[in-house]
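The listed protein sequences derive, respectively, from chains A, E, L and H. All letters in the first sequence, in the order written, are residues 183 to 529 by our numbering. All letters in the second sequence, in the order written, are residues 183 to 529 by our numbering. All letters in the third sequence, in the order written, are residues 183 to 529 by our numbering. All letters in the fourth sequence, in the order written, are residues 183 to 529 by our numbering.
Protein chains: 4
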Amino acid sequence: MMKALVYRGPGAIEWTDVALPELSDPRDAIVRVDAVTICGTDLHILKGDVPEVEAGRILGHEAVGTVLEVGTAVTGVTEGSRVLISCISGCGRCRFCRTGACGQCLDGGGWVLGHLIDGTQAEYVRVPFADLSLHAIPETVSDEAALMLADIVPTAYEVGVLNGRVSPGDTVAVVGAGPIGLAAIQTARLFSPARVIAIDLAESRLEAAKLFGADTTILPSADPEGMVAEITGGLGADVVIEAVGVPETFELCTRLVRAGGHVASVGVFGTPVSLHLEDLWIKNVTITTGLVDTYSTPTLMRMLATGQLDTAAFVTHHYPMEAMIEAYDVFSRASTTGALKIALTRS
Amino acid sequence: MMKALVYRGPGAIEWTDVALPELSDPRDAIVRVDAVTICGTDLHILKGDVPEVEAGRILGHEAVGTVLEVGTAVTGVTEGSRVLISCISGCGRCRFCRTGACGQCLDGGGWVLGHLIDGTQAEYVRVPFADLSLHAIPETVSDEAALMLADIVPTAYEVGVLNGRVSPGDTVAVVGAGPIGLAAIQTARLFSPARVIAIDLAESRLEAAKLFGADTTILPSADPEGMVAEITGGLGADVVIEAVGVPETFELCTRLVRAGGHVASVGVFGTPVSLHLEDLWIKNVTITTGLVDTYSTPTLMRMLATGQLDTAAFVTHHYPMEAMIEAYDVFSRASTTGALKIALTRS
Amino acid sequence: MMKALVYRGPGAIEWTDVALPELSDPRDAIVRVDAVTICGTDLHILKGDVPEVEAGRILGHEAVGTVLEVGTAVTGVTEGSRVLISCISGCGRCRFCRTGACGQCLDGGGWVLGHLIDGTQAEYVRVPFADLSLHAIPETVSDEAALMLADIVPTAYEVGVLNGRVSPGDTVAVVGAGPIGLAAIQTARLFSPARVIAIDLAESRLEAAKLFGADTTILPSADPEGMVAEITGGLGADVVIEAVGVPETFELCTRLVRAGGHVASVGVFGTPVSLHLEDLWIKNVTITTGLVDTYSTPTLMRMLATGQLDTAAFVTHHYPMEAMIEAYDVFSRASTTGALKIALTRS
Amino acid sequence: MMKALVYRGPGAIEWTDVALPELSDPRDAIVRVDAVTICGTDLHILKGDVPEVEAGRILGHEAVGTVLEVGTAVTGVTEGSRVLISCISGCGRCRFCRTGACGQCLDGGGWVLGHLIDGTQAEYVRVPFADLSLHAIPETVSDEAALMLADIVPTAYEVGVLNGRVSPGDTVAVVGAGPIGLAAIQTARLFSPARVIAIDLAESRLEAAKLFGADTTILPSADPEGMVAEITGGLGADVVIEAVGVPETFELCTRLVRAGGHVASVGVFGTPVSLHLEDLWIKNVTITTGLVDTYSTPTLMRMLATGQLDTAAFVTHHYPMEAMIEAYDVFSRASTTGALKIALTRS
């Protein structure tokens, strides 16, 4: 038996005893979880917003651990390997996986952990397609730094920065300065934009935005459109990254972008938004959406090893794994607790 | 004096005498109009939908003609040159023009003819930035074939086919089979998609779609989503081109596209649309909008010369230029007259 | 026991009895060979030009067959599946395979069949990484048409046409009209170039080039540079594809390309070439080389199914598999036998 | 009359009186030269390596100045504007200029100053196509910082860094640490490579390379292939930039690059090189060459204004303009004088 965080239906989670996971496919691995975190998506599940998650499911899709056992077809990791468990698994052979788009895997991969199969908020976890879902962690990279590569950093980088085509000299506006928005600010810096502008309702998040690399911060009440227009000589931002997931922030993004610019939407949306094509049809804009594919994870891991990124700065709170319920509480009240990401570690 | 089609305010146009145009900048040319056509956008202007068009304006942004006089800075065309007058002018030096994006010209170019300055539905017209706005027509290309390159063919090709990244083997769905949709079907074929599917309310337009290269045609009432899903093994279309400009067709496009696919919006919209990000956020789609830049016009002209495109097929009706008012009437009742494009020629 | 074509060292091959292959990894499949062909590279091996091929090796890296047995980790094909055996295998998890570049696989894939492990010129073959190396063949596609997708068609398409970025309206020159050059001509057509120009020493190959889609054919003695210059108004070809593999043809390619154009080298070279950077440094040219990755194979297979390509036309000679030695002889004397590709089938 | 540096044939230059330049086209401007520099290419001309430069020609293609007079078609700059004179002019309307490739201008632009027409090493200069050849300098940018944008910085950035597709996390090797190589190192940093490795014969240049951003420096005698292989786990560098222009450095580049990588050649070559296609054909490499197009100059100027680049660091020596002959001497003996770039200013 092991301890795990089990979803009991909307509003109900429990840290309780469950059976140990077992290999069920030659491509599986069993991993002991050494550090795990909680995602905003887990809170959505808890509210009942993700109905395909069934009661009884172990939640969690981000972790760092140690490989205990591998199936006969696994060659990329071995027993004892210290690994990142990515939020995205990939079969490696469908039309999407063959081009690196594992987020859209047609054959059992994609986002499955803590969603369609048992997840990482547990002492042990079965990881499918281990060769593509696990990433060896270099010695010099800490568990907590690596843990941020399970979801938020590749998500912000691929779906925000790369889809948005941030380029040297650009003006980049990031709407929303939660963990994803901050990761977008940090990784946008890799392309040397002239300015990164952060927009958020909370002063505290705007302060954090400055630490992660924003040059300018703007409250929504302070006329972001006017300020971006002034900064850009009336053109608008080259790239706007949406990192909230509600209609009013998306619509703000489409007003901030310049003609010929990009709106990269990273937020998870629960409702439709208004797209003002009566203004945008003539502006040659590109709008992208996306679940992360994690094709950038190996590169990001190399950048951790060379010290190019400091992802440990996202971890504001530390708990032992048994304090999972308390950690959910602290994370769910981020606006008062100041939590960005919480690391729960094996004790 | 000369004859021209003058806009007198919403609902009112007149074919009447006006003063001859004159050079006003060293980069101008004066062109005698030999063939001209009417655009759906002209009908929008007539309805009052484009308020920046002032009463007294000569309409029209598509023509073929003969250069009569050029400013001292014009070197690309000379008196007597047979030329295409493009719907887009470009200063050639602003940040957009330098990268071929003349549609967004910041310095007096873009769509100005028949919009912000007098246009081409006249016996003579002053064309600004002649070196970038006029294109010499090879001898073997007819006036009517070239006339289609003033707007609809580059618009459909750049904003639909190239923005949508149509590739060999793709399934392409085109929603709307008016002139722009048909031009999208014709130019999508240049990339050898496996199938082009046309969707339109009018059976007659679907028949035209087949002539221009559609393999499959679907009425909106015949469950296009189901049919596209069936054709594509449940994935959806690789590229969907919107060529109508109303909310319901745009929303249909976003339901037809596959994960990872492109929606290229070509339509001119007068109202916002609903963007269903609650479904699309996870699908990695790319949505593009656009006014044409006409960077493809020289290439398309070469393709007319080599016989790769048959654009003359868009011209369904022929009139002398003096019948301009009648031609507007026939074009405005396209659903009953079957008009695609009307060519009015100098008599 | 089974029959197979065994390499005995330079100049020596034998059709002889060898042991049946067996599964050696959970990702393997055993395939019964139903149709197989010979590649120019096999002739290079026979000459001793590929020293890493050891005596005793079964040659061949192109085949169509029927799956007999699969390892426990294989899920993409099952016993009885009719499959294409691709010349390229891929582990699916190394940094190259994750981005579709299986030709450069770091973990046991790439070009291995008939090279580093036993190949397809045999009654049965063990195929490693079966999920990524085998492609199911649609019912409507013949064995011989599919067989051309094992190597030559994806090689010509990826390394020639796609690397060269053939675009609508382009002038494309293909130097060398053997099977690879002809496949480059055929697949270049998918992008609607204005003209495809074939250059070869043999009149008979130039005749074949016309059948596969060349508009213009030129003997090297007939001043190809002058003719290309004349056709292109002095600019040179937009894309030049090298499909021979000797210094003089490569150097011709670099003289035919326009400023800003692409030279896509597909040939297999045995010696260095002179690159005339004293002329080319100022011309902004792009030169690419490559082994095929086969990322395009699924798309090409779809195009066979929809009838967009007629690859069966490459097969000029048909033999039963036991006539392997005779087939090698006919293929090695292609200039007199007129052989393009030979299909050897199970009797 | 004015003073200017006049080429008198191989080996002979003179600082002497010549006639003042005059407007000869409505698109011209006359500019007073405030700061000017000498390029390695000027030394090539002096040696007689660029035979199209005629005796009597005023040399120089890099300067900063003040506009004195503009033709009637010039609208982008006015009398009194402080401007950069770019090494590249562009007609703005030919097929190359329309896509930003002014280096290949077909209609009188490209590299003409100090080459086909009189250049900038003079008190005054006529600049053709002033709207596209001159760039306004923001107040906060010094003359000397802007002067580096006339040639070396956009050349290194476009032809080296952008053609080479430097990306975050890459290993970049730069062969040659003269001014162009150093500018490549500095601008490669804009894309956050993991490591930049500089290779040069001179220890002093390797020291400079560290100041401009190189992490590792290697003498050619210290086994650069082995060291790059060791650093990259045996793969080779993702991007290799050639910044010398002789066969042995080019060939070194092709040995340093990884499979699938890029060799971006920036050097000016006087002789052919050996391209080892017998090794490279199978490695999927991309090799690019180029004259700068200067499409990046406006972006680089913005980056100077925002402080993202420190180009003034290239200027090691300062002279009044009348010391032109002495400056040529100091620059031609760079290995002993340590000269990178020399700024000569109006006194």
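Cβ atoms here follow ideal geometry from the backbone N, Cα and C, with glycine treated the same way. Remember, predicted model here, so these are calculated numbers, not experimental data.
Under the DSSP assignment, Ser206/L falls outside any beta strand (DSSP E); it carries neither an H nor an E label. The beta-carbon separation of Ala376/E and Met485/L, rounded to 7 Å, stays under the 8 Å limit for a contact.
Gln368/H and Ala338/H have their C-alpha atoms some 9 Å from each other. Relative to the Cα of Ala391/E, the nearest Cα in the group Arg209/E, Gly520/E, Trp197/E belongs to Gly520/E. Between Ala255/E and chain H, the shortest Cβ-Cβ separation is below 7 Å.
Around the Cβ of Glu321/E, a 10 Å sphere holds fewer than 16 other Cβ atoms; the residue is exposed.
Short of 7 Å from the beta carbon of Asp216/L, and not among the five residues preceding or following it, lie these beta carbons of its own chain, in chain order: Val246, Gly247, Thr248, Asp325, Thr527, Arg528. Ala370/E is classed as buried because its beta carbon has at least 16 other beta carbons within 10 Å across all chains shown. For Gly292/A, the pairing in a beta bridge is given by DSSP as Ser271/A.
At least one beta carbon of chain A lies nearer than 7 Å to the beta carbon of Met485/H. In the DSSP annotation of this structure, Val421/A is not part of any alpha helix (DSSP H); the continuous beta strand (DSSP E) holding it starts and ends at 419-424. Gln490/L reaches chain E at Pro350, Gly351, Ser374, Ala376, counting residues in chain order whose Cβ is nearer than 8 Å. Straight through space, the alpha carbons of Asp224/L and Pro502/L are spaced by roughly 19 Å. Counting only runs that start and end inside the region 382-424 of chain L, the beta strand (DSSP E) elements of at least 3 residues fall at 398-400, 419-424. Scanning chain L for C-beta atoms nearer than 8 Å to the C-beta of Leu314/A yields Gly274, Arg275, Arg280, reported in chain order.
Under the three-state reduction of DSSP, Lys229/E is assigned to helix. By the criterion of a C-beta distance shorter than 7 Å, Ala359/E is surrounded in its chain by Ala380, Asp382, Arg387, Leu388, Ala390, Ala391, once the five residues flanking it on both sides are discounted. Nearest C-alpha to Ile423/A among Leu457/A, Lys465/A, Val348/A: Val348/A.
Residues of chain A whose Cβ lies closer than 9 Å to the Cβ of Thr399/H do not exist; the shortest such Cβ separation is about 17 Å. If you draw a straight line from the Cα of Val256/E to the Cα of Asp420/A, it is about 33 Å long. Glu196/H sits in a strand when the DSSP states are folded into three classes. Only exposed fits His500/H, as fewer than 16 other CB atoms lie within 10 angstroms of its CB. Spatial neighbours of Val474/L in its own chain (CB-CB distance under 8 Å, excluding positions within 5 residues in sequence) are listed in chain order as Cys269, Ile270, Gly285, Asp333, Pro336, Thr337, Glu340, Val341. Taking C-alpha positions only, Val497/E is separated from Ala446/L by approximately 40 Å. Residues of chain H whose Cβ lies closer than 9 Å to the Cβ of Gly301/L do not exist; the shortest such Cβ separation is about 17 Å. Within the model, the alpha-carbon separation for Gly472/H versus Ala365/H is close to 16 Å.
The shortest CA-to-CA distance from His317/A to any of Gln490/A, Ala516/A, Pro480/A is the one to Pro480/A.
Spanning the alpha carbons of Lys185/E and Ala505/E requires a straight line of approximately 11 Å. Scanning chain A for C-beta atoms nearer than 7 Å to the C-beta of Arg264/L yields nothing, as the closest lies near 18 Å away.
Shown here, Gly342/H sits in a helix according to DSSP, grouped into three states.
By the neighbour-count criterion, in which a residue is buried when 16 or more other Cβ atoms sit within 10 angstroms of its Cβ, Arg515/H is exposed.
Relative to the Cα of Gly346/E, the nearest Cα in the group His297/E, Leu462/E, Ala283/E, Val448/E belongs to Val448/E. DSSP places Ala366/L within a helical segment (H, G or I) once states are collapsed to three. Its chain contains Pro192 as the residues whose beta carbon lies nearer than 7 Å to that of Gly230/H, once the 5 sequence neighbours on both sides are disregarded; these appear in chain order. Annotated as distal: Val218/H and His226/H, with beta-carbon spacing of 7 Å or more. Looking at the DSSP output, Ser447/H shares a beta bridge with Glu424/H.
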